[in-house]
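Sequence lines, in order, name chains A and B.
Be aware that the first sequence starts at 270, since it is given in the numbering used here, and climbs by one per residue.
Be aware that the second sequence starts at 270, since it is given in the numbering used here, and climbs by one per residue.
The C-beta atom is built at its ideal place from N, Cα and C for all residues, glycine as well.
2 protein chains.
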Amino acid sequence: MRKNLIVGQSGGPTAVINCSLYGVVTGAYREEQIEKVYGMVNGIDGFLKGKKLDFQTMWEDGSLEKLRTTPGAFLGSCRYKLPEDLTDAVYDDIFAKLEELNVGYFCYIGGNDSMDTVSKLSRVGAARKSDIRFMGVPKTIDNDLVLTDHTPGYGSAARYVAETVREITYDASVYDSKSVTIVEIMGRDAGWLTASSVLAREADRRNPALIYLPEVNFDIDQFIGQVEEAMKEQPNLVVCVSEGIHDAQDKLICEYESETGLDSFGHKMLAGCGKYLEKLVKDRLGCKVRSIELNVCQRCSAAMMSAADQEEAVKAGAFAAASAVAGSTGMMAAFQRQEGEEYSIQCVLRDVNEICNKVKKVPLDWITKEGSDLAPAFMEYVKPLVQGAVQLPIGEDGLPAFVKR
Amino acid sequence: MRKNLIVGQSGGPTAVINCSLYGVVTGAYREEQIEKVYGMVNGIDGFLKGKKLDFQTMWEDGSLEKLRTTPGAFLGSCRYKLPEDLTDAVYDDIFAKLEELNVGYFCYIGGNDSMDTVSKLSRVGAARKSDIRFMGVPKTIDNDLVLTDHTPGYGSAARYVAETVREITYDASVYDSKSVTIVEIMGRDAGWLTASSVLAREADRRNPALIYLPEVNFDIDQFIGQVEEAMKEQPNLVVCVSEGIHDAQDKLICEYESETGLDSFGHKMLAGCGKYLEKLVKDRLGCKVRSIELNVCQRCSAAMMSAADQEEAVKAGAFAAASAVAGSTGMMAAFQRQEGEEYSIQCVLRDVNEICNKVKKVPLDWITKEGSDLAPAFMEYVKPLVQGAVQLPIGEDGLPAFVKR
């Protein structure tokens with residue numbers, strides 16, 4: 270008997286989360302064992318409220334194609350953590366709803382917390398001897414999932430950071446007076462995205478001259494010394510810092526100034542280490558300083574999407590759908606980098622239980638010993654992920670045209 | 270006798286200030302009366318320190334072409350105000366240096382303050398019976414120069430704002446909970462750039478639902494009422510505000526926050542009006558709120574350059590060089606919109622003395638009577654200025670390649 274597939278999106282959006290959705294949906298329609306393809310609206314949270322859609326019309330009229338160049342999360346997202354107690358009644362509700370829709374395949378696109386959802390549902394499924402197969406499709410600009418070379422979403426965010434920081438270095442160097450420009454980049458626990466700012470540095474230029482990741486303890490006095498030293502050779506200094514930089518006592522630099530709260534997952538909410546360092550440099554060195562927070566455009570900019578990331582996100586989605594049909598459950602579609610001169614990846618399956626609630630950090634030997642720059646090994650790693658510009662379809666108003674639910 | 274032309278850039282950079290430079294330089298090389306083309310490095314300030322370059326090599330090797338897609342200010346910029354006293358010794362110095370270089374034509378690319386420089390130099394020139402001709406080439410993302418339909422630089426910044434705010438509206442709508450996203454846009458005295466955010470609104474959508482310009486007094490209570498009202502129809506609200514919004518007593522909204530006290534360094538809190546309004550909405554309405562400051566990327570992003578703006582900036586530069594040769598001095602190359610269905614502009618000459626130190630604001634009848642939206646007349650005005658995406662040349666590293674001094 271043919272079964273249906275349902276797919277959902279969860280957590281923060283990326284430039285290519287809809288590419289993965291496109292991959293899952295088109296992959297599913299190519300499978301003979303799959304009849305209907307549903308989307309959960311607003312993830313598992315919306316699904317519990319009965320919010321869903323059928324992709325049939327979009328598949329037939331070709332509008333599905335537009336998902337590949339639409340930022341945000343087409344299906345809508347949620348931040349909903351399933352209970353730790355696997356006998357909770359909410360699981361009865363979910364499984365009843367899935368069975369009612371004749372769902373045999375469940376794909377969930379998201380980061381760490383979403384893999385936690387896939388892990389729990391697959392464990393509940395196993396306990397219930399359900400034949401529904403639960404698959405995870407990775408998505409995060411943070412690139413912090415373990416057991417995969419990288420995650421879809423990271424390449425585009427890294428390209429955004431690289432292009433934008435390069436433009437900022439040109440903006441920063443127009444006056445001949447000394448100045449420091451501090452760029453604050455997303456990344457709480459892992460510095461992957463901040464690290465990608467090194468791509469902005471041109472062969473014959475120094476900026477961004479200093480790059481600080483949360484993987485290394487941040488020391489205020491050492492930082493000021495490094496700024497002073499770097500300004501001797503580069504009067505218009507551009508410095509990139511991760512929002513999550515912290516001191517040796519694990520106290521966040523942004524906490525030096527502002528209070529923090531917790532979000533619904535118990536994460537610390539961060540803002541403002543750039544602003545703090547701006548004031549610190551002004552106070553200690555007395556030169557012109559400004560800080561720039563790159564903010565949400567890092568994750569929602571379709572305009573600077575990486576073609577490599579776009580293609581790989583589609584691939585991961587299609588692989589997840591195909592793997593579910595082939596019998597996998599409780600697995601995530603991961604990337605394995607192939608040996609050889611030329612960059613290529615292969616999709617592989619990895620156990621979600623070994624992925625969720627873990628964080629992959631930038632290896633310490635990819636950071637220079639002064640803690641303020643990246644080693645060549647990182648450049649080799651990141652370069653292929655940001656390659657290729659994507660042309661966005663333009664609408665009647667002359668601006669990029671996206672697809673809406 | 271053939272004379273030389275010198276060109277400089279002044280004030281903040283834009284995406285197309287180098288296009289105007291390209292226009293001046295290539296226009297000059299096409300003139301038989303012009304022998305050499307020089308660039309002042311860091312404007313009139315750098316010129317006084319003897320900093321200049323010769324464009325000959327770039328003209329011969331074709332690298333001049335890259336100016337058309339390079340952001341920032343290729344020649345470097347300055348913020349240098351010439352003395353009001355036109356008998357000041359600095360003018361002797363400038364004219365001596367110009368005569369030494371056999372300069373007959375002087376072009377200065379910039380905004381209000383730069384037109385002030387052109388005005389003063391042309392008046393000093395007239396008093397000295399100098400035959401050097403001084404021309405202004407407009408440049409500002411603020412679009413606040415009088416006697417011209419618009420200014421080069423505005424179209425690209427407006428396209429950046431429109432594209433980015435559209436992407437933000439997609440990012441803002443992924444969760445189904447109520448939320449307010451406040452986007453703070455550059456523009457202290459004139460709201461042209463903030464107004465361009467209306468272009469982000471799609472035909473079948475409401476966001477950005479509220480837009481506030483400095484042309485209209487901002488009232489906190491009215492604002493909260495408008496947010497509440499708008500949220501009834503659009504639960505994920507996107508609001509755009511100009512950094513220069515102020516109350517009926519002309520007090521800036523960003524100064525409301527300064528009153529909260531001094532930071533740990535004893536400085537006034539310099540966060541913008543967006544941050545203040547974020548806290549206000551959270552306090553009064555209790556819903557999820559965030560604020561985004563678009564910051565310098567508005568003016569330095571080559572990636573979202575408008576093709577129309579690029580072309581017009583070149584045209585303005587070439588027209589200024591040609592007009593100088595034809596005998597004009599103390600004039601600015603301005604744009605006059607032609608009558609007719611199809612958009613077209615014509616370059617015309619306008620007296621810099623009537624331009625400098627004036628500010629052109631958004632006409633009040635282009636703002637809706639509630640003060641929170643733009644009228645269709647503004648849409649008709651702004652739409653042609655942002656048309657066309659520009660392909661940036663890509664370097665070996667896969668990122669946009671710019672030209673450096």
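If you draw a straight line from the C-alpha of residue i to the C-alpha of residue j, how long is it?
i, j, result
"residue 426/A", "residue 620/A", "26 Å"
"residue 281/B", "residue 417/B", "19 Å"
"residue 523/B", "residue 510/B", "11 Å"
"residue 461/A", "residue 360/A", "35 Å"
"residue 303/A", "residue 394/A", "19 Å"
"residue 622/A", "residue 385/A", "7 Å"
"residue 664/A", "residue 338/A", "13 Å"
"residue 567/B", "residue 579/B", "15 Å"
"residue 331/A", "residue 470/A", "41 Å"
"residue 564/B", "residue 564/A", "10 Å"
"residue 533/A", "residue 543/A", "A caution first: residue 533/A carries a pLDDT of 43, below 50, which makes its placement in the model too unreliable to give a value."
"residue 454/A", "residue 335/A", "29 Å"
"residue 493/A", "residue 517/A", "16 Å"
"residue 401/A", "residue 456/A", "35 Å"
"residue 389/B", "residue 277/B", "15 Å"
"residue 274/B", "residue 615/B", "24 Å"
"residue 376/A", "residue 328/A", "18 Å"
"residue 536/B", "residue 551/A", "For residue 536/B, the pLDDT reaches just 48, beneath the cut-off of 50, and the residue's location in the model is therefore unreliable, although a value from the coordinates is still provided. Using only the alpha carbons, I get a separation of about 10 Å."
"residue 528/A", "residue 541/B", "Residue placement at residue 528/A cannot be trusted, given a pLDDT of 43 that sits under 50; what the coordinates show is reported in the next sentence. Taking the straight line joining both Cα atoms gives about 18 Å."
"residue 451/A", "residue 299/A", "49 Å"
"residue 483/B", "residue 624/A", "50 Å"
"residue 358/A", "residue 325/A", "32 Å"
"residue 466/B", "residue 412/A", "32 Å"
"residue 288/B", "residue 312/A", "47 Å"
"residue 629/B", "residue 584/B", "22 Å"
"residue 476/A", "residue 634/A", "22 Å"
"residue 316/A", "residue 504/B", "19 Å"
"residue 249/A", "residue 429/A", "Here chain A covers residues 270 to 674 and nothing more, so residue 249/A does not appear."
How would you list, in chain order, the residues of chain B whose beta-carbon sits under 9 Å from the beta-carbon of residue i?
i, result
"residue 561/A", "562, 564, 565 and 566"
"residue 315/A", "445"
"residue 578/A", "The contacting residues do not exist; residue 578/A stays about 12 Å from chain B at best."
For residue i, collect the residues of the same chain with a Cβ closer than 6 Å to its Cβ; drop the 5 residues on either side in sequence, then sort them by chain order.
i, result
"residue 506/B", "449, 478, 499 and 500"
"residue 391/A", "403, 598 and 599"
"residue 670/A", "662 and 664"
"residue 387/A", "377, 403, 405 and 621"
"residue 562/A", "453 and 543"
Note down, in chain order, every chain A residue with its Cβ under 7 Å from the Cβ of residue i.
i, result
"residue 443/B", "282, 341, 342, 345 and 346"
"residue 573/B", "572"
Once the 5 residues before and after residue i are set aside, which same chain residues still bring their CB inside 8 Å of it?
i, result
"residue 322/B", "307, 308, 310, 344 and 674"
"residue 272/B", "302, 303, 304, 371, 372, 373 and 374"
"residue 687/B", "Given a span of 270 to 674 for chain B in the structure shown, any question on residue 687/B remains unanswerable."
Can you give the beta carbon distance from residue i to residue j, rounded, assuming they're within the 8 Å contact cut?
i, j, result
"residue 554/A", "residue 496/A", "7 Å"
"residue 603/A", "residue 340/A", "That pair is no contact at about 24 Å."
"residue 655/B", "residue 431/B", "6 Å"
Find the residues of chain A that neighbour residue i, judging by a C-beta separation of less than 8 Å, and give them in chain order.
i, result
"residue 570/B", "433 and 436"
"residue 663/B", "658"
"residue 440/B", "282, 340, 341, 565, 568 and 569"
So which residues of chain A does residue i contact, with C-beta pairs closer than 9 Å?
i, result
"residue 669/B", "432, 435, 436 and 658"
"residue 311/B", "443, 444 and 445"
"residue 614/B", "What residue 614/B touches in chain A: nothing, since even the nearest Cβ is about 17 Å away."
Leaving out five residues on either side along the sequence, give the residues of the same chain with a beta carbon under 7 Å from the beta carbon of residue i.
i, result
"residue 485/B", "636 and 640"
"residue 653/A", "577 and 612"
"residue 659/B", "338, 574, 576 and 579"
"residue 397/B", "364"
"residue 383/A", "279, 280, 377 and 405"
"residue 292/A", "582, 583, 584, 585, 586 and 587"
"residue 410/B", "283, 422, 423, 426, 455, 462, 567 and 568"
Give the interface partners of residue i over in chain B, defined as CB-CB distance under 8 Å, in chain order.
i, result
"residue 468/A", "666 and 668"
"residue 655/A", "667 and 668"
Whole alpha helix (DSSP H) runs in the stretch 624-671 of chain B with 4 or more residues, listed along the chain? 645-651
Any chance you could list the beta strand (DSSP E) runs of at least 3 consecutive residues sitting entirely within the stretch 472-526 of chain B, in chain order? Those beta strand (DSSP E) runs which fall completely within the stretch 472-526 of chain B and span 3+ residues are 479-481 and 505-511.
Residue ranges of each alpha helix (DSSP H) within the stretch 302-359 of chain B, 4 or longer: 312-317 and 325-330
Where are the beta strand (DSSP E) runs, 3 residues long or more, that stay fully inside the stretch 375-427 of chain A, in chain order? Whole beta strand (DSSP E) segments, 3+ residues: 402-407.
Could I get the ranges of all uninterrupted alpha helix (DSSP H) runs contained in the stretch 566-601 of chain B, with 4 residues as the minimum, in chain order? 566-569 and 576-594
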